[in-house]
Amino acid sequence: MKHHLGSGLLLVGALVLAPSGPAATAAPARAVATQDEALTRELAGLAEEQALLARQIQRLRQTMEVLVGRLEAEGRVRAVELLREGLAVLDSRAEEAGSLTLDERMERAREELSGGQWMQSLERQRTVIADLEALLEVLLDRQDLDQLEQRLAELADAKAALAS
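What follows is the structure in C-alpha cells.
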C-alpha cells in the first residue's frame with residue numbers, strides 16, 4: 005500500500021510543480037517560434053546562395069563565350085573545342101533532369117526551396133552538381149586524358165604480347 009501511495013504522491017507532486025495556464029503553453033510556443041525563425045533564416049540564406057550561384061554560372065557562361073572568340077582569333081583550336089563542349093553541357097537538356105538546362109534547374113531548385121519543397125530542391129541541386137562536375141571534366145580535358153591512358157594500356161599489352 006505504501007508503494008502505491010508513494011507513486012500517487014509523486015504524481016500529485018509533479019502536477020503541483022508543473023507549470024499550468026498560459027505560462028505552460030507559452031514556453032513551448034516560444035520554442036517553436038524560435039525554431040521557425042531559425043529555419044526561415046536558414047532557408048533565406050540558402051535561397052540567397054542559390055541566387056549567387058546562378059549569377060556566377062551566368063558570368064561563367066559569358067566568360068566562356070568571350071573566350072571562344074578570343075581563342076579562335078589566336079588559332080587555339082583545341083581550347084575552342086573544349087569551351088564549346090562546355091557550353092553544350094550548360095545548354096543540354098537531359099531527360100533525367102526533366103529536360104531543363106542547368107540554369108533552369110538552378111532556378112527551379114530555388115523556387116522549390118522557397119516553396120518549402122526541400123527534398124525536391126535537394127534532388128534538383130544534385131543534378132546541377134553532377135552537370136557542373138561534367139563541365140569541369142570537359143574544361144580540364146579529362147576525357148581525352150582517360151582515352152590516352154586507356155590507349156597506352158592497350159599499347160603496353162600489345163607490346164607485352166609481342167615480346168612473349
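First residue of the sequence shown: 5, per the working numbering; consecutive thereafter. All residues carry an ideal CB built from backbone N, CA and C; glycine is no exception.
- Item | Beta-carbon gap between residue 62 and residue 135 smaller than 9 Å | no
- Item | Alpha carbon of residue 128 to alpha carbon of residue 160, nearest angstrom | 43 Å
- Query: CB-CB under 6 Å to residue 110, same chain, minus the five flanking residues each way: which ones, in chain order?
  - Reply: 58, 132
- What residue does the alpha helix (DSSP H) around residue 168 start on, and which one ends it? Careful: residue 168 lies outside any alpha helix (DSSP H) and carries neither H nor E.
- Meets three-Cβ-pair contact criterion under 8 Å: the segment 74-94 and the segment 116-126: no
- Query: Going by C-alpha distance, which of 157, 153, 94, 118 is nearest residue 48?
  - Reply: 118
- Alpha carbon to alpha carbon, how far is residue 105 from residue 93? Give it in angstroms, no decimals. 9 Å
- Query: Since residue 142 contacts residue 89 with CB under 8 Å, what's their CB separation in whole angstroms?
  - Reply: 5 Å
- Local Cβ density within 10 Å of residue 116, reported as buried at 16 or more and exposed below that: buried
- Query: What residue does the alpha helix (DSSP H) around residue 126 start on, and which one ends it?
  - Reply: 122-143
- Please report how far the alpha carbon of residue 158 lies from the alpha carbon of residue 166, in whole angstroms. 12 Å
- Task: Specify the secondary structure class of residue 38 as computed by DSSP and reduced to three states.
- Result: helix
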